[in-house]
Amino acid sequence: MPATLQVNPEDRADTALTVKDMRKKGQPWIIAVVALTILVLSAFLLFFVVREFKRSGDTKDVGSLTEDDWPEPNHGSLLARFKKAAVVADNGLCAEVGRNILLRGGNAVDAAIATLTCVGGINSHSCGIGGGFIMTLYDKATKKCHSLDARETAPLATNENSYKDDPKAAFTGYKSIAVPGEVHGMWTAFKLYGSGRVAFQDLIMPTVHLLNAGYPVTPLMAKSLQRLRAEILESPSLRAQFVNPSTGDVYLEGEVMKNPKLADTLKKLSTSGDPVKLFYKGEMADQIAAEISSNGGFLTKEDLENYKTVVSQKPLINDHFDDELVMCGPPPSSSFAVTQLLVSLMKRYYGTGSDANLIYSSDQFHHRFIEAQKFSFAKRTLLADPAFVKEAEELVANMTKKEYTNEIFKKITDHALADEEYGGHLAQPNDQGTTHVSVIDADGNAVSLTSSINNIFGSRQRSASLGIIYNDQMDDFSLPGVKNFFGFEPSPANFIRPGKRPMSSMSPMIIYNRHTGDVKMAIGAAGGSKIISAVAQTIVQTLFFNQTLKEAVDTPRLHNQFTPIHTLYEAGVPEPMLEALRARGQNLTLWKTVFSTVQAILRDTDGSLVANSDHRRPVHMYPTGY
26 MPATLQVNPE DRADTALTVK DMRKKGQPWI IAVVALTILV LSAFLLFFVV REFKRSGDTK
86 DVGSLTEDDW PEPNHGSLLA RFKKAAVVAD NGLCAEVGRN ILLRGGNAVD AAIATLTCVG
146 GINSHSCGIG GGFIMTLYDK ATKKCHSLDA RETAPLATNE NSYKDDPKAA FTGYKSIAVP
206 GEVHGMWTAF KLYGSGRVAF QDLIMPTVHL LNAGYPVTPL MAKSLQRLRA EILESPSLRA
266 QFVNPSTGDV YLEGEVMKNP KLADTLKKLS TSGDPVKLFY KGEMADQIAA EISSNGGFLT
326 KEDLENYKTV VSQKPLINDH FDDELVMCGP PPSSSFAVTQ LLVSLMKRYY GTGSDANLIY
386 SSDQFHHRFI EAQKFSFAKR TLLADPAFVK EAEELVANMT KKEYTNEIFK KITDHALADE
446 EYGGHLAQPN DQGTTHVSVI DADGNAVSLT SSINNIFGSR QRSASLGIIY NDQMDDFSLP
506 GVKNFFGFEP SPANFIRPGK RPMSSMSPMI IYNRHTGDVK MAIGAAGGSK IISAVAQTIV
566 QTLFFNQTLK EAVDTPRLHN QFTPIHTLYE AGVPEPMLEA LRARGQNLTL WKTVFSTVQA
626 ILRDTDGSLV ANSDHRRPVH MYPTGY
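Using this note's numbering, read the sequence shown as starting at 26 and increasing by one per residue.
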């Protein structure tokens with residue numbers, strides 16, 4: 026039997042008597058004070074326990090949220106599945122051009138060149154041969170990644186003080202034009218990595234025919250034309266291309282536009298036998314240099330003659346973030362080093378097969394992603410063209426290492442830190458208009474390529490003789506004494522030097538299986554600095570949480586590029602989630618314009634290729650393949 030506590034009645038009487046005696050002596054005040062003190066201390070203790078519990082990594086403050094509380098998948102984009110090969114780009118017609126090259130025996134590089142040429146013709150407000158690109162390619166036969174940097178370079182006549190008296194001249198006009206690299210890069214890629222089964226002419230002529238026949242104006246092109254309507258109407262060269270002769274006004278959505286001047290230029294390049302010689306040393310070089318210099322620009326024929334594509338057979342590799350998968354991408358001027366670091370930091374928290382419900386219900390998940398962005402973007406402020414800033418070369422090498430990632434990981438807490446804790450205090454310019462192409466061919470080769478003329482319509486100068494929209498990439502350099510909109514000092518690492526490439530947010534990435542050699546994903550995005558967060562978020566949600574590619578692409582995004590320190594969020598993030606993030610110290614601002622647009626191809630577990638083009642950019646996109 027259990028032991029029974031025996032109480033002596035006399036003991037109870039003695040106790041009662043003692044208390045009675047105490048009351049007679051006025052002791053109740055002491056008891057009351059003690060009781061009140063205990064109550065107050067208990068309340069404070071309870072407050073701190075509850076607060077810390079809410080901050081704890083073991084809780085989900087908004088755990089009642091489900092997928093149903095977030096926006097439904099957008100019906101403006103398709104998730105397509107193909108057995109052998111796939112192409113995604115910022116225009117479905119152009120993706121078809123690339124697919125047709127694959128069907129003719131071309132490889133991923135051939136298809137990417139053909140697709141890019143087409144997008145540059147149809148979406149001339151965001152890319153084209155007046156700009157440049159960065160490419161990552163994967164050779165299945167050798168299980169090796171390569172990269173090409175065909176970004177624009179600063180003319181020889183420029184330096185960090187070239188825009189001291191007029192900083193706006195770096196943004197628009199002939200002084201904002203850097204040396205175009207697109208034609209040089211396409212020809213270099215074709216000669217080094219093309220299949221040899223299709224001619225260069227075969228890659229370019231489909232676009233020539235399309236530009237001569239006419240193509241429908243996309244919603245985004247129409248919106249862009251309306252935005253710059255006054256400027257277009259005042260410019261004879263822009264007016265000649267973007268004003269509909271039948272209406273006397275800029276083209277509207279759905280109207281058919283032709284571009285015979287650019288078509289003629291592309292045809293000459295494709296049939297020349299050596300487009301680099303024609304564009305950089307021959308007749309076209311003379312035309313370009315004369316046109317720009319006569320209008321006060323810095324670019325000369327010598328700049329064109331000196332241009333070289335940077336080819337790297339040993340690009341940046343991250344082989345520690347996963348037991349099976351490897352991420353590869355280009356060194357600066359690309360921001361791949363930043364993107365892969367962000368992915369690696371998130372992998373420290375979430376392994377393959379993590380619960381996808383966390384994406385919808387856990388403020389901790391989104392807080393960690395924001396904090397990882399802050400640390401990653403803080404490193405970006407120190408990056409630059411490694412040919413000019415040797416410290417940048419060492420930094421990006423470290424950023425891909427396990428030990429470096431672990432050191433940053435240890436600094437992330439469950440509450441936002443003071444700004445100075447993230448390790449950066451400088452600003453990089455925000456690059457803007459871009460396009461992205463991803464291709465995986467039937468042999469398992471892959472290309473991820475991002476191209477740009479920088480801001481919308483680049484320098485807003487169009488060659489009257491060649492039909493080329495020139496870039497304004499000089500605006501991508503940092504300028505001494507010119508703070509950004511938020512008051513941050515410019516990054517000296519990104520100051521102008523003759524021949525230097527400005528930093529870019531481009532993050533063309535390929536992920537492959539180290540054991541089988543199969544490409545798991547070819548991914549990239551368009552849209553300035555938000556490229557980095559968009560690419561990383563898509564990778565995290567597909568590879569770590571097993572979401573479909575479309576689910577990952579469609580999920581509303583949160584972006585923090587450290588300068589400024591506040592987080593931009595996309596419409597659709599539930600208010601309880603925002604409140605929980607604010608409680609963790611995050612400053613949040615609704616971003617009302619378009620976030621970056623992802624173009625991705627993912628190899629599913631059955632070996633098929635799943636492809637999706639982001640709905641956020643209304644440019645008639647749809648995946649193609651076979």
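C-beta: ideal position from N, C-alpha, C; glycine also.
For clarity, every value in this text was computed on a predicted model and none was experimentally measured.
Could you tell me whether the Cβ atoms of threonine 91 and serine 379 are closer together than 8 Å?
To locate residue 91, count along the sequence shown from 1; it is residue 66. To locate residue 379, count along the sequence shown from 1; it is residue 354. No, these two residues do not count as a Cβ contact at 8 Å.
Beta-carbon within less than 6 Å of isoleucine 536's beta-carbon, same chain only, minus the 5 sequence neighbours each way: which residues are those?
Translated into the one-based positions of the sequence shown, residue 536 becomes position 511. Leu350, Met352, Lys545, Met546.
Thinking serine 529 and serine 360 are a contact (beta carbons under 8 Å), I'd like their distance in whole angstroms, please.
As a first step, residue 529 is located in the sequence shown; it is residue number 504 there, counting from the start. As a first step, residue 360 is located in the sequence shown; it is residue number 335 there, counting from the start. Confirmed, Cβ separation roughly 6 Å.
Sort His100, Leu128, Glu207, Tyr163 by Cα distance to asparagine 496 and report the nearest one.
As a first step, residue 496 is located in the sequence shown; it is residue number 471 there, counting from the start. Nearest option by C-alpha distance: Glu207.
Please state if the CB of leucine 294 and the CB of proline 300 are separated by a distance shorter than 8 Å.
As a working note, residue 300 is residue 275 in the sequence shown. As a working note, residue 294 is residue 269 in the sequence shown. Contact: yes.
From cysteine 170 to leucine 162, what distance separates their C-alpha atoms?
On the sequence shown, residue 170 is found 145 positions in, with the first residue counted as 1. On the sequence shown, residue 162 is found 137 positions in, with the first residue counted as 1. Whole-angstrom Cα-Cα distance: 6 Å.
Would a C-beta distance cut-off of 8 Å place histidine 461 and alanine 550 closer than the cut-off?
Position 436 of the sequence shown, counted from the first residue, corresponds to residue 461. Position 525 of the sequence shown, counted from the first residue, corresponds to residue 550. Cβ distance < 8 Å, so histidine 461 and alanine 550 count as in contact.
What does proline 241 pair with, by DSSP beta-bridge criteria?
In the sequence shown, residue 241 corresponds to position 216, counting from 1. Looking at the DSSP assignment, proline 241 forms a beta bridge with Val281.
Count the other CB atoms within 10 Å of the CB of tyrosine 218; is the residue buried (16 or more) or exposed (fewer)?
Taking the first residue of the sequence shown as 1, we reach residue 218 at position 193. So tyrosine 218 counts as buried.
Inspect the beta-carbon positions of alanine 224 and asparagine 470 and report whether they are closer than 8 Å.
Within the sequence shown, numbered from 1, the residue matching residue 224 stands at position 199. Within the sequence shown, numbered from 1, the residue matching residue 470 stands at position 445. No. Outside cutoff.
Report the rounded CA-to-CA distance for asparagine 423 versus threonine 325, giving the unit in angstroms.
For the purposes of this step, residue 423 is taken as the residue at position 398 of the sequence shown. For the purposes of this step, residue 325 is taken as the residue at position 300 of the sequence shown. Cα to Cα, asparagine 423 sits roughly 38 Å from threonine 325.
What are the boundary residues of the beta strand (DSSP E) that tyrosine 537 is part of?
In the sequence shown, counting from the first residue as 1, residue 537 sits at position 512. Where tyrosine 537 is concerned, the enclosing beta strand (DSSP E) stretches over 534–538.
How about leucine 366 and serine 319: are their beta carbons less than 8 Å apart?
Translated into the one-based positions of the sequence shown, residue 366 becomes position 341. Translated into the one-based positions of the sequence shown, residue 319 becomes position 294. Cβ atoms of leucine 366 and serine 319: not closer than 8 Å.
From glutamine 498 to glutamate 600, what does the alpha carbon distance come to, in whole angstroms?
By one-based count along the sequence shown, residue 498 stands at place 473. By one-based count along the sequence shown, residue 600 stands at place 575. Approximately 38 Å, taken between the alpha carbons.
Is glutamate 428 near the ligand NAD - that is, is its Cβ less than 7 Å away from at least one heavy atom of it?
With respect to the ligand NAD, the structure shown offers nothing to examine, as it has no ligands at all.
Does the Cβ of proline 533 have 16 or more other Cβ atoms within 10 Å, making it buried, or fewer, making it exposed?
Counting from one through the sequence shown, the residue named residue 533 turns up at place 508. So proline 533 counts as buried.
Does serine 295 come out as helix, strand or coil in the three-state DSSP assignment?
Start at 1 with the first residue of the sequence shown, and residue 295 comes out as number 270. Helix.
Could you check whether the region 555–572 touches the region 617–633, counting it as contact only if at least three pairs of C-beta atoms, one from each stretch, sit closer than 8 Å?
Contact between the region 555–572 and the region 617–633 is present, because at least three Cβ pairs lie under 8 Å.
Can you tell me whether glutamate 177 is helix, strand or coil according to DSSP?
Residue mapping note: residue 177 aligns to position 152 of the sequence shown, counting from 1. Coil, per DSSP.
Using the Cα positions of cysteine 143 and isoleucine 229, report the straight-line distance between them to the nearest angstrom.
In the sequence shown, residue 143 corresponds to position 118, counting from 1. In the sequence shown, residue 229 corresponds to position 204, counting from 1. Computed Cα separation, rounded: 8 Å.
Does the region 274–291 touch the region 475–493, meaning 3 or more C-beta pairs lie closer than 8 Å?
Segments in contact, yes.
Which same chain residues end up closer than 8 Å to lysine 292 when comparing Cβ atoms and leaving out the 5 residues on each side of it in sequence?
Along the sequence shown, one-based indexing puts residue 292 at 267. Closer than 8 Å at the Cβ level, and outside the excluded window around lysine 292, lie Ile229, Met230, Val233.
Could you give the DSSP three-state label for arginine 76: helix, strand or coil?
On the sequence shown, residue 76 is found 51 positions in, with the first residue counted as 1. With a pLDDT of 43 at arginine 76, under the threshold of 50, the modelled position of that residue is not reliable, and the figure given next carries that caveat. Note: arginine 76 maps to helix in three-state DSSP.
Rounding to the nearest angstrom, what Cα-Cα distance links leucine 634 and tyrosine 594 in this structure?
The count along the sequence shown starts at 1 and reaches residue 634 at position 609. The count along the sequence shown starts at 1 and reaches residue 594 at position 569. About 30 Å.
Taking the C-alpha atoms as reference points, what is the distance between glycine 632 and methionine 160?
The sequence position of residue 632 within the sequence shown is 607, counting from 1. The sequence position of residue 160 within the sequence shown is 135, counting from 1. Cα to Cα, the separation comes out at about 24 Å.
Provide the residue(s) that pair with serine 337 in DSSP beta bridges, ordered along the chain.
For the purposes of this step, residue 337 is taken as the residue at position 312 of the sequence shown. Its beta-bridge partners are Ser172.
Give the DSSP bridge partners of histidine 440, in chain order.
As a position in the sequence shown, residue 440 is number 415, starting the count at 1. For histidine 440, which the question treats as bridged, DSSP gives no partner whatsoever.
Using beta-carbon positions only, say whether proline 648 and threonine 243 come within less than 8 Å of one another.
On the sequence shown, position 623 is the one that residue 648 refers to. On the sequence shown, position 218 is the one that residue 243 refers to. No, these two residues do not count as a Cβ contact at 8 Å.
Among the residues of its own chain, which have a CB less than 6 Å from the CB of arginine 76, if the five just before and after it don't count?
Taking the sequence shown and counting its residues from 1, the one referred to as residue 76 is at position 51. The pLDDT assigned to arginine 76 is 43, lower than 50, so where the model puts this residue is not dependable; a value taken from the coordinates is nonetheless given after this. There are no such residues.
With the cut-off set at 8 Å, would you say isoleucine 16 and arginine 405 are in Cβ contact?
Residue 16 is absent from the model: the chain starts at 26 and stops at 651.
Do leucine 603 and isoleucine 395 have their beta-carbon atoms positioned less than 8 Å apart in this structure?
Start at 1 with the first residue of the sequence shown, and residue 395 comes out as number 370. Start at 1 with the first residue of the sequence shown, and residue 603 comes out as number 578. No, Cβ-Cβ distance for isoleucine 395 and leucine 603 is not below 8 Å.
Give the range of the alpha helix (DSSP H) segment to which asparagine 331 is assigned.
Position 306 of the sequence shown holds residue 331. It spans 326–331 - the alpha helix (DSSP H) in which asparagine 331 sits, taken as one unbroken run.
Which residues in the same chain as asparagine 184 place their Cβ atom closer than 6 Å to its Cβ, once the five residues preceding and following it in sequence are excluded?
Locating residue 184 in the sequence shown gives position 159, counting from the first residue. Excluding sequence neighbours, asparagine 184 sits near Ile521.
Under a three-way DSSP split, which group does histidine 391 fall into?
Here residue 391 corresponds to residue number 366 of the sequence shown, with the count starting at 1. Helix.
What are the boundary residues of the beta strand (DSSP E) that includes glutamine 312?
By one-based count along the sequence shown, residue 312 stands at place 287. Taken as a continuous stretch (DSSP letters only), glutamine 312 belongs to no beta strand (DSSP E), being part of the alpha helix (DSSP H) at 308–318.
What residues match up with glutamate 514 in a beta bridge as DSSP calls it?
Numbered from 1 along the sequence shown, position 489 holds the residue referred to as residue 514. The partner list for glutamate 514 (beta bridge, DSSP) reads Leu451.
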